[in-house]
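Structure, as structure tokens:
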Amino acid sequence: MERVRVALVGAGRTGTAFLREMLKYDYVEVLGVSDLEENAPGMVLARERNIETTPDPMELLGLGERIDILVDLSGDLEFKRRIKEYFERIDNTHTIIMHELIARLCISLATRQNHLLPTVHPEDTGIGY
Numbered sequence: 073m074e075r076v077r078v079a080l081v082g083a084g085r086t087g088t089a090f091l092r093e094m095l096k097y098d099y100v101e102v103l104g105v106s107d108l109e110e111n112a113p114g115m116v117l118a119r120e121r122n123i124e125t126t127p128d129p130m131e132l133l134g135l136g137e138r139i140d141i142l143v144d145l146s147g148d149l150e151f152k153r154r155i156k157e158y159f160e161r162i163d164n165t166h167t168i169i170m171h172e173l174i175a176r177l178c179i180s181l182a183t184r185q186n187h188l189l190p191t192v193h194p195e196d197t198g199i200g201y
């Protein structure tokens, strides 16, 4: 069975909801979760499921092309820039960087909402810098 390997940055409200949905499917392998807050709900959930956690998102990026999709729900515009610079520096053309809007859409569809899950990072738009 083909599996998608995912790393998640940002384990607050949106990140936790997204993680819960991903954990329902055998074809999704969550490689790791990062949040600056060690006790963020998604970090706790990840540890309960024996998924690697780290407060340093750059540690996750060190997995390089093992990551198929990097889900960036941090809302940190500076970090978004650093992700792109790091992947360019190591010539990682494999990993897809998934924006918060796409995650909110996926969660809303998966949980059959009649509205789009609201953003907690309204300033995080587009691909950044």
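Under my numbering, the residues of the sequence shown are numbered 73 to 201, in order. Ideal Cβ positions, reconstructed from N, Cα and C, are used throughout, including at glycine. In this text the structure is predicted, and so the values were computed from the model without any measurement.
In the structure shown, what three-state DSSP assignment does residue i receive?
i: A182; result: helix
i: I162; result: coil
i: I141; result: strand
i: E195; result: coil
i: E101; result: strand
Going straight from the alpha carbon of residue i to that of residue j, what length do you get?
i: L108; j: V78; result: 18 angstroms
i: Y201; j: I123; result: Residue confidence for Y201 is low, a pLDDT of 48 falling below 50, so the modelled location carries little weight and cannot support an answer.
i: M115; j: S146; result: 13 angstroms
i: H187; j: P194; result: 17 angstroms
i: F151; j: V81; result: 10 angstroms
i: E172; j: E157; result: 19 angstroms
i: I162; j: V76; result: 21 angstroms
i: L91; j: T125; result: 13 angstroms
i: E137; j: E101; result: 14 angstroms
i: G84; j: N164; result: 27 angstroms
i: R154; j: M73; result: 33 angstroms
i: G198; j: R119; result: 31 angstroms
For the beta strand (DSSP E) containing residue i, name the first residue and the last one.
i: L80; result: 76-81
i: L108; result: Counting along the chain, L108 falls outside any beta strand (DSSP E), and DSSP gives it neither H nor E.
i: M170; result: 168-170
Assuming contact is defined by CB atoms lying nearer than 7 angstroms, are residue i and residue j in contact in what I supplied?
i: G104; j: L132; result: yes
i: I169; j: D140; result: no
i: T167; j: L149; result: no
i: T88; j: P113; result: yes
i: P129; j: E110; result: no
Just curious, the alpha helix (DSSP H) that residue i is in, first and last residue?
i: P129; result: 129-133
i: E93; result: 85-94
Quick test of the definition: if touching needs 3 or more C-beta pairs under 8 angstroms, does the stretch 174-193 touch the stretch 92-101?
In short, these stretches touch, since the Cβ pair count reaches three.
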